[in-house]
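One structure below.
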Amino acid sequence: MKTLSKFFFAPLFAILLLSCSSDDPEAKADCGPDYCLSELQGTWEATEYTLTFCGQGDVPEPSSFDVIAEGGSATLVVQANGRFTINIMVMFNGQTYPETASGTIYFEDGEFFAIQFDDDEPNDPTYFGDTLSGNTFRMIGGTPVAEWDFDGDENDEEACISLTFVKV
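Here is the structure:
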């Protein structure tokens with residue numbers, strides 16, 4: 013069965029992927045270098061949601077999966093304080109697989125776009141490259157942030173994610 017985990021956000025222009033975190037609660041800012049979280053407030057529909065193999069070892073064939081092109085959908089709802097929920101509907105082999113994730117979006121040190129998923133360890137955020145241009149919000153994860161069985165062998169492989177949302 014195909015499964016997603018921490019699929020977000022998830023994924024382009026400003027790739028700021030770091031693997032460090034801070035225990036300093038003051039490091040979590042509402043505004044980053046180009047915009048503030050309040051500008052993300054609202055409902056966003058995905059126009060792109062692509063998982064791409066980025067694990068170790070042999071590259072599976074196929075090595076990517078486009079959730080939207082395959083008839084799926086994703087809706088992101090962001091509150092002004094950075095709380096979010098993403099609802100994803102993946103269509104695969106005639107089956108529908110719903111997924112939901114929630115957490116908090118913030119800018120670490122006012123600079124790096126970070127997501128703290130509710131089901132992750134505290135102070136262990138996931139970092140994404142991000143851009144906000146008008147009503148288009150893009151995120152990309154250049155390190156594994158999801159798992160997907162690309163080649164149908166019933167073993168999930170690590171996946172990177174590329175997301176594009178438009179405001180509804």
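Taking this note's numbering, the leading residue of the sequence shown gets 13, the next gets one more, and so forth.
Backbone N, C-alpha and C define an ideal beta-carbon position, used for all residues, glycine too.
Item: Going straight from the alpha carbon of C166 to that of G141, what length do you get?; Value: The amino acid occupying residue 166 in the given sequence is Glu; Cys does not appear at that position. The straight-line gap from Cα to Cα measures roughly 30 Å.
Item: Are T87 and I98 touching if we call contact CB-CB under 8 Å?; Value: yes
Item: Could you check how far apart the C-beta atoms of P134 and A126 are, in whole angstroms? I think they sit under 8 Å.; Value: In fact, because the Cβ distance is near 13 Å, the residues do not count as touching under 8 Å.
Item: If you compare alpha carbons, which of D78, E111, V157 and G146 is closest to Y61?; Value: D78
Item: According to the Cβ coordinates, are T155 and C172 closer than 8 Å?; Value: yes
Item: Hey, which unbroken runs of the beta strand (DSSP E) at 3 residues or more fall wholly within the segment 70-126?; Value: 76-78, 85-90, 95-104 and 107-120
Item: Under three-state DSSP, which class holds E159?; Value: strand
Item: Determine the direct distance from the alpha carbon of L49 to that of D121, and round the result to whole angstroms.; Value: 14 Å
Item: Who are Y61's beta bridge partners in DSSP?; Value: L175
Item: Using a Cβ-Cβ cutoff of less than 6 Å, which residues in the same chain neighbour V180 once the five nearest sequence positions on both sides are dropped?; Value: T55 and E57
Item: Hey, how far is the Cα of S33 from the Cα of R95?; Value: With a pLDDT of 40 at S33, under the threshold of 50, the modelled position of that residue is not reliable, and the figure given next carries that caveat. The alpha-carbon atoms of S33 and R95 are separated by roughly 19 Å.
Item: So, for D130: in the same chain, excluding its five sequence neighbours on each side, which residues have a beta-carbon less than 7 Å away from its beta-carbon?; Value: S114 and G115
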